[in-house]
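Here's the structure, in structure tokens; my notes come after.
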Ligand code: PA5
């Protein structure tokens, strides 16, 4: 399960205020639970089954199985919403060097224009048995477009034109130029859901395919998301008990109290890429019209020794949302033995790092809550089910939060504007 712990909100945003605001704005929750007509073209993610039905999962698993037989390395070419969620899930589930099982590996391209990084990607492919997946909703974005060409040419050099064609999958909009290319050259084509913007595609084949290639149990992940959807969209339940709604209200009340940054903080570095996914989701969805909390993240305990000082004592513009895992998994225990050298850490003899890490968490949350609101999102475990829940929880919260703020969560006019300037510079 996933819960919102409000015990450390402090004085600037209180649980009572959240409950009062819940009553005052409950129409917003009801509208979002139903899915607003004006956003119909962007709400394909709201009902998980629309793009992750059992039949679709069958097809995704079948394709992933074929690709796993054909290759040991899956180059995921995509940027922003087109690669962050898969990367977030793999990192959270413990992937090392992009691999969960030590045999099949995902490498990331299409998210940079740096020659240095792209050379590294090509180096990473050497000696491996490779398939590439180009994920591009409109196939105009520079990073995936240029990386696709680079890796396609590498594949042709390695396997010849026909061999390469059998190793190329593209995920795009039906009828797009990418779709045409696939038909013309015999690449496998998969559907990027039209009514789902990139940053809301975590629970669609855009991400489920690379996850399945890596060996993630995508059925469990989708089952977790479906359960979360059932809870959060239950219109018969009391709105004041809806954790996504309360979290969105905390964010709105924090904004009203003059706070301008939300830090997503966590004590498990395995959430590093999840935090990038979160930053993109909220940043692109809410940061417009001069509004929106700036989404940032902090990886503790390391950054307690850098950002932590600012968080506690710097300009009072922050709220801090903690992500906390309640139950240790099989690899989450490591006992520190006693020492025959007097290193003055004797008080740690026999302690488990799980407990030491928790002590650091509870102490820093208590200290930070003296000056800033610190809601905590608690999840029982880190597994596929809970990741599915987390993805859905944050996407639905983001929709609610943007609606409370009065911005359109599904467009990104600023991004479009910079792209036009860049295209002009490059002579497109
Ligand atoms: O969420 C979004 O809409 C963006 O972050 C896109 O995912 C990102 O720009 C990639 O777009 P595309 O898949 O069209 O290349």
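Residue numbers (my numbering): 1 to 428. By construction, the Cβ of each residue, glycine as well, lies at the ideal position given by its N, Cα and C atoms.
For residue 284, the shortest separation between its Cβ and any heavy atom of the ligand PA5 lies below 8 Å. The beta carbon of residue 242 lies closer than 7 Å to those of 29, 232 in the same chain, with the five residues before and after it left out.
Closest in alpha carbon position to residue 408, among 81, 316, 165, 40, is 40.
Annotation note: the region 175–206 contains the following uninterrupted alpha helix (DSSP H) runs of length 4 or greater, listed N- to C-terminal: 177–185. Not one heavy atom of the ligand PA5 sits closer than 8 Å to the Cβ of residue 146.
Within the DSSP bridge table, the entry for residue 5 names 376 as partners. Here the distance from the Cβ of residue 407 to the nearest heavy atom of the ligand PA5 is not below 8 Å. For residue 345, the three-state secondary structure derived from DSSP is coil. Shown here for residue 43: same chain residues with a beta carbon closer than 7 Å to its own, the five before and five after excluded, namely 35, 195 in chain order. Residue pairing of residue 296 in beta bridges, as defined by DSSP: 263. In terms of Cβ geometry, residue 130 and residue 158 form a close pair [threshold 9 Å]. A distance criterion of 8 Å places the beta-carbon of residue 200 in contact range of the ligand PA5, judged by its closest non-hydrogen atom.
When secondary structure is reduced to three states using DSSP, residue 74 falls in the strand class. Annotation: the continuous beta strand (DSSP E) that includes residue 134 extends over 130–135. Of the candidates 142, 146, 277, the residue whose Cα lies closest to the Cα of residue 203 is 277.
Judged by beta-carbon spacing, residue 300 lies beyond the 9 Å limit of residue 274, meaning their Cβ atoms are not closer than that value. For the pair of segments examined, the region 387–395 was found to touch the region 220–240: the number of CB pairs separated by less than 8 Å reaches three. Beta-carbon to beta-carbon, residue 147 and residue 186 are separated by about 20 Å, too far to satisfy the 8 Å threshold. A contact is defined here as three or more CB-CB pairs under 8 Å, and the region 7–18 meets this definition with respect to the region 365–383.
Your pair residue 106 and residue 155 does not check out as a contact, with CB atoms roughly 16 Å apart and the cut at 8 Å. When the five nearest sequence neighbours on each side are left out, the beta carbons in the same chain lying within less than 8 Å of the beta carbon of residue 337 are those of 349, 350, in order along the chain. When rounded, the separation of the alpha-carbon atoms in residue 333 and residue 94 is 15 Å. DSSP lists no beta-bridge partner residue for residue 60. Non-local C-beta neighbours of residue 46 in its own chain, meaning closer than 7 Å and more than five positions away in sequence, comprise 35, ordered along the chain.
Measuring C-alpha to C-alpha distances from residue 152 to each of 125, 174, 141 identifies 125 as the nearest.
Residue 223: member of the alpha helix (DSSP H) spanning 218–232, first to last residue. Bounds of the alpha helix (DSSP H) holding residue 50 are 48–51. Under the three-state reduction of DSSP output, residue 428 falls in the coil class, being neither helix nor strand. Taking 8 Å as the upper bound for CB-CB distance, residue 286 and residue 90 are not in contact here, some 26 Å apart. Remark: three or more beta-carbon pairs, one from each stretch, lie closer than 8 Å, so the region 242–255 and the region 14–25 are flagged as touching. Contact between residue 136 and residue 67 does not hold, since the beta-carbon distance rounds to 18 Å and is not under 8 Å. A Cβ-Cβ distance of about 35 Å is found for the pair residue 211 and residue 259, leaving them out of contact under the 8 Å criterion.
Taking non-hydrogen atoms of the ligand PA5 into account, the C-beta of residue 169 is found less than 8 Å away from none of them. Cα atoms of residue 37 and residue 144: separation of roughly 32 Å, rounded to the nearest angstrom.
Taking residue 165 as reference, the option from 176, 191, 134 with the minimal CA-CA separation is 134.
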